[in-house]
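Here the sequence shown stands for residues 40 to 209, numbered as in the numbering used here. Below is one structure, written out as structure tokens; comments come after it.
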Amino acid sequence: MIAAQLVPTPVGPLALLAQDGVLVAAGFTADPAEMFVRLTADLQAQGLEVVDDLGPATEAVRAYLSGDLYALDAIPVSQPGTPTRKRLHQALREVKAGTTVSYAELAERAGLPKTAARAAGSACAQNLIAPFIPCHRVLPSSGGYGGYYYGVPVKEWLIAHESGAMVISR
């Protein structure tokens, strides 16, 4: 069974979906089913159950919102993807809170050639576990915020929160 919980945030509910304590999806939506349908067929076959508390993932979101910008980093995540996409998602998790990178820079950090900026953009667009895999920290080198699956206002809020929050060091 895939367990789901909605956690309130200043930019709307954050749906968290987990399997055996590992986050398989997270996104800014009031309907966990919107995230569930993006999962692989194998995960969808397990069914979806809304629960009151997912434990560590829920606690991490609350800590993040309270200023512990590293709280999300400790939560195990799993999502499908090619080896290239997985490298890019891992590189995303290593972009420190309060900082941003360009798509080309993300590709470089993942050990991919600079021409892989398009692959970095695709990895961000297909990310199922926002903000735990922080694709909001990637900005176009041409300026501005670029796009974001949950809307640019959510991306702007996340970046502002991380830039202005008191950072609790670990």
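Virtual Cβ for every residue (Gly too), placed ideally from N, Cα, C.
Test item: CB-CB of residue i and residue j under 9 Å
i    : j    : result
P49  : H175 : no
A130 : A149 : yes
Y188 : I198 : no
A143 : L127 : no
A158 : V177 : no
L45  : A57  : no
P71  : A43  : yes
Per-residue DSSP class, three states only, for residue i
i    : result
I172 : coil
G190 : coil
Y142 : helix
Q12  : There is simply no residue 12 to check, as the chain begins at 40 and stops at 209 in what is shown.
Q58  : strand
Q129 : helix
V206 : Only weak support exists for where V206 lies, its pLDDT of 44 falling under 50; the coordinates are left without a value.
L111 : helix
G66  : strand
L78  : coil
V134 : coil
L11  : Residue 11 lies beyond the residue range present for the chain, which begins at 40 and ends at 209; the question has no answer from this structure.
Whole-Å CB distance - residue i paired with residue j, under 8 Å assumed
i    : j    : result
L111 : F171 : 5 Å
M40  : Q85  : 5 Å
Distance, residue j Cα to residue i Cα
i    : j    : result
T79  : P119 : 8 Å
S161 : S105 : 31 Å
R77  : P179 : 25 Å
For this session: Mind the definition here: the segment 120-130 touches the segment 86-106 only if three or more C-beta pairs lie below 8 Å; say whether that holds.
Result: no
Exercise. If you pair each beta-carbon of the segment 112-119 with each one of the segment 56-75, do three or more pairs fall below 8 Å?
Worked result: yes
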